[in-house]
Amino acid sequence: EPEVTQTPSHQVTQMGQEVILRCVPISNHLYFYWYRQILGQKVEFLVSFYNNEISEKSEIFDDQFSVERPDGSNFTLKIRSTKLEDSAMYFCASGQTANYGYTFGSGTRLTVV
Amino acid sequence: AQSVTQLDSQVPVFEEAPVELRCNYSSSVSVYLFWYVQYPNQGLQLLLKYLSGSTLVKGINGFEAEFNKSQTSFHLRKPSVHISDTAEYFCAVSAIRGSQGNLIFGKGTKLSVKP
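Taken in sequence, the protein lines are chains A and B. Counting in the numbering used here, the first sequence runs without a single skipped number right up to 113 at its last residue. Counting in the numbering used here, the second sequence runs without a single skipped number right up to 115 at its last residue.
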């Protein structure tokens with residue numbers, strides 16, 4: 001069964017550093033998403049991406065965040081200057097359509113120290 | 001705006017017993033409804049979804065859920081659970097229109113199946 005692949009599985013970074021979280025969506029999918037889950041809290045929507053541009057973003061997705069699909073297969077989330085409160089599990093997801101449920105990756109656990 | 005309430009944060013149950021995980025939602029627009037499962041150290045896996053049609057939907061691993069529009073509920077059930085069903089279960093909604101499919105999740109219910 002096709003999978004969404006995320007790398008790395010765990011990343012530790014110093015506060016103020018930039019991090020890039022990488023995702024390889026399922027190949028024929030058109031809609032791409034990033035979510036995050038702070039330990040013990042809800043899974044929260046960050047951003048959706050379609051047709052090479054952001055289609056929707058949450059209040060969490062401020063100027064320190066950016067997304068990119070650099071080469072038609074990877075989908076990345078960049079956090080420019082990490083803060084302690086960015087520590088969370090970040091999930092990438094992709095789908096053929098927007099609304100019918102989509103496939104999540106296993107997540108990247110980001111720890112900011 | 002939408003919100004999802006999962007009334008039980010933890011549900012302990014014995015193996016082979018039935019289980020119901022409760023989910024209520026609030027929305028000013030029509031929504032699609034989903035249940036996802038997260039096994040330890042893994043991502044979110046789609047269990048089942050309600051898009052339209054029959055209000056009783058069947059998913060993977062023997063789970064089913066019933067959409068009740070008047071009660072704005074979408075409770076998840078399984079008649080007989082296994083140890084391997086131990087996981088966290090998330091109810092989620094997405095607006096049918098005006099949305100690119102972003103999901104609003106509940107806080108999750110941890111199902112613990114004991115032998």
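Even glycine gets a Cβ: it sits at the ideal position worked out from N, Cα and C.
Item, Value
"Helix, strand or coil for Q80/B? Go by DSSP, reduced to three states.", "Note on residue identity: the sequence assigns Ser, not Gln, to residue 80/B. In the structure shown, S80/B sits in coil (DSSP, three-state: anything other than H, G, I, E or B)."
"Check whether the Cβ atoms of V31/B and V81/B lie closer than 8 Å to each other.", "no"
"In terms of DSSP beta bridges, what is L46/B paired with?", "Y36/B"
"From which residue to which residue does the beta strand (DSSP E) around F78/A run?", "Residue 78/A is actually Lys in this sequence, not Phe. Unbroken beta strand (DSSP E) run through K78/A: 75-79."
"For the beta strand (DSSP E) containing I60/B, name the first residue and the last one.", "Counting along the chain, I60/B falls outside any beta strand (DSSP E), and DSSP gives it neither H nor E."
"How far does the beta strand (DSSP E) with H29/A in it reach, from first residue to last?", "That residue, H29/A, is in no beta strand (DSSP E); it is neither H nor E in DSSP."
"Starting from the C-beta of K78/A, find all residues in its chain whose C-beta is less than 6 Å away, skip the five residues before and the five after it, and write them out in chain order.", "I20, S66"
"Closest to S94/B by C-alpha separation, out of E3/A, I38/A, G16/A, E56/A, would be which residue?", "E56/A"
"Mark T120/A as exposed unless 16 or more other C-beta atoms lie within 10 angstroms of its C-beta, in which case mark it buried.", "Coverage of chain A is limited to positions 1 through 113, which leaves residue 120/A absent and any answer about it impossible."
"Exposed or buried, what is G16/A when buried is set at 16 or more other beta-carbons lying within 10 Å of its beta-carbon?", "exposed"
"Using a Cβ-Cβ distance under 8 Å, would N28/A count as near chain B?", "no"
"Quick check: what's the CA-CA separation for E85/A versus T5/A?", "25 Å"
"Tell me whether E3/A sits in a helix, a strand or coil according to DSSP, three-state version.", "coil"
"Give the interface partners of Q42/B over in chain A, defined as CB-CB distance under 7 Å, in chain order.", "S106"
"Mind checking if Y32/B is an interface residue toward chain A, Cβ cutoff 8 Å exclusive?", "yes"
"Output the boundary residues of the beta strand (DSSP E) element that contains C23/B.", "Premise fails: C23/B is in no beta strand (DSSP E) and is neither H nor E."
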